[in-house]
Amino acid sequence: MFPEYDIIVVGAGHAGCEAAAAAAKMGSKVLMATMNMNTIAQMSCNPAMGGVAKGQIVREVDALGGMSGIITDQTMIQFRMLNKSKGPAMWSPRAQSDRMRFAEAWRLTLEQTENVDFWQEMVTGIEVEEGRAVGVRTSLGITIRGKAVILTNGTFLNGIIHIGERQLGGGRAAEKSAKGLTEQLKELGFEAGRMKTGTPPRVDGRSLDYSRMEEQFGDENPSKFSYTETTPLAQQRSCYITYTNSEVHDILKTGFEKSPMFQGRIQGLGPRYCPSIEDKINRFADRDRHQIFVEPEGWSTVEVYVNGFSSSLPEDVQLKALRKIVGFENAKMFRPGYAIEYDFFPPTQLNLSLETKQVENLYFAGQINGTTGYEEAACQGLMAGINAHNKINQKAPFILKRSEAYIGVLIDDLVNKGTDEPYRMFTSRAEHRILLRQDNADIRLTKLGYDLGLADESRLKTVEKKIAETAEIIAYLNNKPIEPGDINSMLESMGSAPIVEKQRAGQLIKRPNIEIQHIAAAIPAVKEYLSKFKADSVEQAEIAVKYESYIEKEYTMAAKMGELENYIIKDRINYRNIPALSAEAKEKLLKVQPETIGQASRISGVSPADISVLMVYLGK
C-alpha cells in the first residue's frame with residue numbers, strides 16, 4: 006500500500022510543517038502523518054508569530070529557506086517592530102496573524118510541495134531494527150517504512166486537558182491525545198517527563214466595548230518577515246489593551262479550591278514567564294491589576310483571543326471574572342481557557358543534529374523536546390528535516406553555532422543544559438546577540454541555506470546585492486565630509502553638540518541620537534546618494550557604522566569561543582576514568598557525550614577547572 010519513504014514526519018504542527026517542507030525541498034520523499042488534516046499548522050494558542058527573540062528566529066528560518074516567514078507575511082493582519090527605542094540587537098518583529106488563513110496557507114503550501122505525501126491517522130509506535138528507526142506503526146496496525154523518522158508530537162503525547170475539577174483526555178481542544186509512543190520510547194531506554202501549558206478563553210468580539218480600551222495600532226510603515234518579495238501590509242487590524250482589577254482577582258480566588266494547579270492535579274512543569282491568571286494573582290498578590298491584550302483572530306472572524314488571561318479555573322468562574330474587566334462587561338465566551346499536561350523527553354538525550362542518542366535515524370523536534378512557542382518549534386523542525394535528509398544521504402550534520410544564529414543557541418541550550426520548564430527563547434540567552442540581529446539573518450544564513458539546497462539562487466543573489474550595497478554605503482559614509490554650516494542647525498535641534506570643523510558622516514552617525522535619516526534630511530547630496538539603494542541596505546550600513554566597535558568586539562569574542570569548538574572529541578569517553586574531574590562533571594559529561602570541548606564547556610555543572618582537566622587528558 007505504501008512505498009518506503011525517505012523521511013516520515015509524525016505531527017503537522019509548526020515543527021512538522023517545517024521539517025516536511027525542508028526535507029522535501031532538499032529532495033527526500035516525505036510522508037507527513039497527522040491525526041487531523043484539518044488542523045495542519047494550527048495556531049493552538051495566540052494568533053501571532055514573532056516577538057522578542059522569537060522574531061529573530063522566524064527571520065533565521067526564512068533566511069535558511071524555511072516557510073514560516075513567507076506564510077506569516079501572506080496571512081498577517083498587523084505588524085509591529087518591538088523594542089525600536091532600544092539598540093538593534095533588541096529589535097524584534099511581531100505579526101498578528103489570521104489564524105484560519107495561516108493554517109490554510111501552510112496546508113496548501115505543503116500540498117503543492119513536490120515529494121510530500123499525507124496520511125491521516127494516529128501513529129502509535131516506531132519500527133526499530135538493530136537500534137535504527139525504520140518506520141512507524143499506526144492505530145490501524147499499518148506499518149509504513151521510512152529511512153528516518155521525525156517526531157513532532159506537540160502537546161499530544163498522553164495529553165490531559167484540565168478545566169476546574171474536570172479532566173479530559175486530549176492534545177488540544179476537541180482533539181484526542183496520542184497514545185502508545187511514550188510507553189514504547191521508555192521501553193527503548195528514553196527518559197520522559199511531564200510539562201504543562203495553558204490557553205485563555207476565546208470570546209465574541211461583538212460583545213466587547215472597544216471604546217473603553219486602549220487601541221494598539223500596527224506600525225505606520227509595516228515591515229515583514231521574509232527576505233523574499235512578499236507583499237507588505239496595506240491595511241491593518243488593531244489590537245486593544247485593558248486590565249484586570251481587584252474585583253476580577255477576588256472572583257478568580259473563589260475558584261482556587263477547584264483549581265487543578267493549586268489542588269495538585271497537574272503534575273507537569275509550567276512556564277515561569279507565561280503564568281496563568283490565577284498563578285499571577287497568587288504569586289504577585291501586591292499587584293492590583295494585570296495587563297490584558299485583546300487580539301483579533303483574523304480579518305473577518307469575530308473570535309477574540311484574551312492574551313494574559315490563561316486559566317484552568319471552572320468555566321463559570323472564568324466568565325464571571327472576565328465580565329468585571331473594563332470593556333468585557335457583556336462578554337460572551339466561545340470556549341473557556343484550559344491547562345494541558347503532556348509528555349516530553351528531556352533534550353539532553355539528543356545530539357546537536359536533533360537525532361536521538363538511543364535510536365539512530367530518529368529525530369525529535371518541537372514541544373517533545375520541552376520547548377514552547379511556534380517559533381521555537383518551527384526552527385527545530387527545520388533543523389531536524391535538514392539533518393534527517395543529510396543523514397540518510399551520508400552527509401555531515403548541519404549544526405549552527407551559538408555565534409551564528411538564535412537557532413544555534415536554542416539547540417545548544419537544550420542539548421547541553423536540558424530544561425526543567427517549557428523552554429522559551431529570550432535575547433538574554435544569546436551571548437552574541439549584537440551579531441544575531443533580525444536585520445542581518447539573511448547575511449548570516451542565506452548562503453548556508455543555498456548550499457543545503459533550501460534557499461534558491463534568487464535568494465542568494467538578493468543577499469549578495471545587499472552585502473555589496475551595504476559595503477558601498479559604509480565606504481561612502483566613512484569618507485563623506487560634512488561642513489559645520491551644513492549640519493550644525495540639525496545637530497542643535499537634536500540636542501547634539503555642533504561641530505567646529507569638517508567631520509565624516511560616519512563619525513556623526515556614531516552619536517547616540519543621530520540617525521542616517523537626520524543627516525540625509527540636512528544634506529541633499531547624502532539624501533540623493535542613499536536614494537539609489539534599498540532601505541534594508543541603508544539600515545544595514547547605518548547599524549554597521551554606528552555600532553562598529555561593539556560588533557568588532559563581539560566577533561573577536563566569538564572567534565575566541567570558536568577555538569574551543571575546533572577541539573573535536575572523536576571517541577566516546579568513559580569520563581569516570583578521568584580521576585581529576587569533579588563527580589558532577591563525570592556524570593554530566595558521560596550523559597551528554599559532547600562532540601567538542603566548546604560543547605563540554607557549556608554543560609551545566611562542568612566547571613572551567615573540569616575543562617582544563619579534560620584538555621590535558623585529550624592532549625590539547
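All residue numbers for the sequence shown refer to this note's numbering, where the first residue is 6 and numbers rise by one. Note that CB positions come from ideal geometry on N, CA and C, so glycine has one too.
| Item | Value |
| --- | --- |
| Delimiting residues of the alpha helix (DSSP H) encompassing Ala382 | 379 to 397 |
| CA-to-CA distance, Gly303 to Thr77, given in whole angstroms | 12 Å |
| Buried or exposed (CB count within 10 angstroms, at least 16 for buried), Glu381 | buried |
| Member of Leu357, Leu415, Thr432, Ala383 whose CA lies at the smallest distance from the CA of Lys396 | Leu357 |
| Contact check, Phe349 vs Gly203, beta carbons under 8 Å | no |
| Cα-Cα separation, Asn571 to Ser316 | 48 Å |
| Inter-stretch contact at 8 Å, needing at least 3 Cβ pairs: the segment 423 to 434 / the segment 372 to 392 | yes |
| Range of the contiguous alpha helix (DSSP H) that encloses Trp111 | 104 to 116 |
| Nearest-angstrom Cβ-Cβ length linking Gly342 and Pro206, presumed shorter than 8 Å | 5 Å |
| Length-filtered (3 minimum) beta strand (DSSP E) runs lying within the segment 142 to 175 | 148 to 156, 165 to 168, 171 to 174 |
| Short Cβ contact (8 Å threshold) for Leu405 with Gly413 | yes |
| Element boundaries [beta strand (DSSP E), containing Asp78] | No beta strand (DSSP E) contains Asp78, which is instead part of the alpha helix (DSSP H) from 73 to 80. |
| Residue span of the alpha helix (DSSP H) that contains Met562, given as start and end | 553 to 570 |
| Euclidean distance between Cα positions of Leu453 and Ser463 | 14 Å |
| Local conformation of Tyr347 per DSSP, three classes | strand |
| Minimum C-alpha distance to Met40 - residue among Ala24, Ala25, Ala53, Gly18 | Gly18 |
| Distance between Asn312 and Ser216 (C-alpha atoms, nearest Å) | 18 Å |
| Uninterrupted alpha helix (DSSP H) stretches inside the segment 178 to 218 (no shorter than 4 residues) | 186 to 192 |
| Whether Thr12 touches Cys384 by CB criterion (8 Å) | One point to set straight first is that residue 12 is Ile, not Thr, in the sequence displayed. The answer is no: Cβ separation not under 8 Å. |
| CB of Ala46 within 8 Å of CB of Trp124, strictly | no |
| N-terminal and C-terminal residue of the alpha helix (DSSP H) that Arg64 is part of | 59 to 69 |
| Status (buried if at least 16 other CB within 10 Å, exposed otherwise) for Tyr428 | buried |
| Host beta strand (DSSP E) of Cys22 (start-end) | Here Cys22 belongs to no beta strand (DSSP E); instead the alpha helix (DSSP H) covers 19 to 30. |
| Pro93 to Ala435 span [Cα, whole Å] | 14 Å |
| Cβ-based burial, Glu262 [other Cβ within 10 Å; buried from 16] | exposed |
| N- and C-terminal bounds of the alpha helix (DSSP H) containing Glu320 | 320 to 327 |
| Segment limits, alpha helix (DSSP H) that includes Gln125 | Unbroken run through Gln125 is the beta strand (DSSP E), 121 to 125; no alpha helix (DSSP H). |
| Contact under 8 Å by Cβ, Ile246 with Phe195 | no |
| Expected contact under 8 Å - CB spacing of Ala179 and Asn158 to nearest Å | Not really, about 18 Å apart at Cβ, beyond 8 Å. |
| Reduced DSSP category for Glu9 - H, G, I as helix; E, B as strand; rest coil | coil |
| Enclosing alpha helix (DSSP H) for Val253 [first to last residue] | 251 to 258 |
| CB contact flag (Ile583, Val550, <8 Å) | no |
| Option nearest Ala20 by Cα separation, candidates Ile391, Ala605, Ala540 | Ile391 |
| When Ala502, Tyr232, Met200, Cys244 are compared against Gln221, the one with the closest alpha-carbon | Cys244 |
| Inter-residue spacing [alpha-carbon to alpha-carbon] between Pro599 and Ala401 | 17 Å |
| Paired residues, beta bridge with Glu589 - DSSP | Partner(s): none; Glu589 has no beta bridge. |
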